[in-house]
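Chemist:
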Amino acid sequence: MAGYRKLGRTSSQRKALLRNQVTNLLYHGKIRTTDTKAKEVRRIAEKLIALAVREKDNFTEVTVTQKVPKKTSDGKRVKEVVDGKKVTVFEEVQKTVKKDNSTRLHARRKMLEVLYPVKEVPAENSGKKANTKNVDMVAKMFDDIAPKYTNRNGGYTRIVKLGARKGDGAEEVIIELV
5 MAGYRKLGRT
15 SSQRKALLRN
25 QVTNLLYHGK
35 IRTTDTKAKE
45 VRRIAEKLIA
55 LAVREKDNFT
65 EVTVTQKVPK
75 KTSDGKRVKE
85 VVDGKKVTVF
95 EEVQKTVKKD
105 NSTRLHARRK
115 MLEVLYPVKE
125 VPAENSGKKA
135 NTKNVDMVAK
145 MFDDIAPKYT
155 NRNGGYTRIV
165 KLGARKGDGA
175 EEVIIELV
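Following this note's numbering, the residues of the sequence shown are numbered contiguously, the last one being 182.
1. Can you give, in chain order, each stretch of the beta strand (DSSP E) that sits fully within the segment 132-168 and has at least 3 residues?
2. In whole angstroms, what is the alpha-carbon distance linking residue 116 and residue 142?
3. Do residue 60 and residue 150 have their beta-carbon atoms positioned less than 8 Å apart in this structure?
4. At what residues does the beta strand (DSSP E) containing residue 118 begin and finish?
5. Could you give the residue range of the beta strand (DSSP E) that holds residue 21?
6. Near residue 162, which residues of its chain fall below 6 Å by C-beta distance, leaving aside the five closest residues on each side in sequence?
7. Could you compute how far the alpha carbon of residue 7 sits from the alpha carbon of residue 47?
8. For the segment 118-128 and the segment 93-105, state whether three or more C-beta atom pairs, one from each stretch, are separated by less than 8 Å.
9. Along the beta strand (DSSP E) that carries residue 181, what are the first and last residues, could you check?
10. Among the candidates 145, 168, 41, whose CA atom is the shortest distance from the CA of residue 30?
Structure representation (structure tokens):
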């Protein structure tokens, strides 16, 4: 028997389908799909969540100084004349930054292999590019999803059977994060 289900697709199509469904499951919390697809999505999602739980606190906070352009009240950069040229005025700002340790960086890259980038569109501007935000799914994994499952050893997803689909009779399920 094979180590995974082929789902009647070529390898590139299958990989794209599963990446898309795993990303949507982790972003929305639950998705509706067929039973066999849900079982494959569960395998991938559980591994990613376990990786996030294991590495969620594995970072150091570092204070860095950063040059930031000085801005006026209306958001424009402040310029001054130096040697006959207009030059932007910069000010130094102290920031604390999370610096990943090597194993967390490796976990981040493993997650990026699977997860697609997600764009969040506000409801009032649906269908327009204005005010869209890129969601950092890896940060969401470490900051939102992993803390919920720190005291849990596996079993991060649940599959609920819905019955046969009307068109082709395929067994439909809802897979959700517990």
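Think of the CB as a built atom: it goes at the ideal place given N, C-alpha and C, for glycine as much as any other residue. Computed from a predicted model, the values in this text were never measured in an experiment.
Modeler: Looking at the atomic coordinates:
1. Runs found: 137-139, 161-168.
2. Locating residue 116 in the sequence shown gives position 112, where the first residue counts as 1. Locating residue 142 in the sequence shown gives position 138, where the first residue counts as 1. Answer to the nearest angstrom: the Cα atoms are 7 Å apart.
3. Your numbering for residue 150 matches position 146 in the sequence shown. Your numbering for residue 60 matches position 56 in the sequence shown. Yes, these two residues count as a Cβ contact at 8 Å.
4. The residue labelled residue 118 in the question sits at position 114 within the sequence shown. Counting along the chain, residue 118 falls outside any beta strand (DSSP E), though it belongs to the alpha helix (DSSP H) covering 106-118.
5. In the sequence shown, counting from the first residue as 1, residue 21 sits at position 17. DSSP places residue 21 outside any beta strand (DSSP E); the residue lies instead in the alpha helix (DSSP H), whose first and last residues are 15-32.
6. Numbered from its first residue, the sequence shown carries residue 162 at position 158. Beyond the five residues adjoining it in sequence on each side, residue 162 comes within less than 6 Å, by CB distance, of 180, 182 in the same chain, given in chain order.
7. Position 3 of the sequence shown, counted from the start, is the residue given in the question as residue 7. Position 43 of the sequence shown, counted from the start, is the residue given in the question as residue 47. Going from the Cα of residue 7 to the Cα of residue 47 covers about 11 Å.
8. Because the criterion of three Cβ pairs below 8 Å is not met, the segment 118-128 and the segment 93-105 do not touch.
9. What you label residue 181 is simply residue 177 of the sequence shown in a count that begins at 1. Its beta strand (DSSP E) spans residues 175-181.
10. One-based indexing of the sequence shown puts residue 30 at position 26. Of 145, 168, 41, the residue nearest in Cα terms is 145.
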